[in-house]
Amino acid sequence: MGIATGIVVAGKVVVEGLDLPEGATVTVLTPEPEDEVHLSPEEDAELLEAIAEADRGETISAEELFARLDRIAKR
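Going by this note's numbering, the sequence shown opens with residue 245, and the numbers climb by one from there.
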């Protein structure tokens, strides 16, 4: 699985240089209008890298996630 960035043209997502088979299923991350999030180019790159890490299986357990969140909350 790869990550590609595209733009919306006439209501359709267009990704230059990506040849997908007809009927291919894709996932598109979109901000909700009422919860719009603006990312800097650096934050966008960081998010895409985090998604790629997860796709490669480079993850932590739920227990570790909650332990880290608990440590942050106690600061």
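Just so you know, even glycine gets a beta-carbon here, dropped at the ideal spot from N, CA and C.
Beta-carbon proximity of residue i to residue j, cut-off 8 Å
| i | j | result |
| --- | --- | --- |
| A248 | V259 | yes |
| L283 | L273 | no |
| V257 | G246 | no |
Bounding residues of the beta strand (DSSP E) (the contiguous stretch that carries residue i)
| i | result |
| --- | --- |
| I247 | First-last for I247: undefined, no H or E at that position. |
Contact set for residue i: own chain, Cβ-Cβ below 7 Å, skip 5 residues either direction
| i | result |
| --- | --- |
| A296 | I247 |
Close-in-space but distant-in-sequence residues of the same chain around residue i (CB under 8 Å, 5 per side omitted)
| i | result |
| --- | --- |
| A254 | none |
### Task
Taking only runs that begin and end inside the stretch 255 to 311, name each unbroken beta strand (DSSP E) of 3 or more residues, in chain order.
256 to 258
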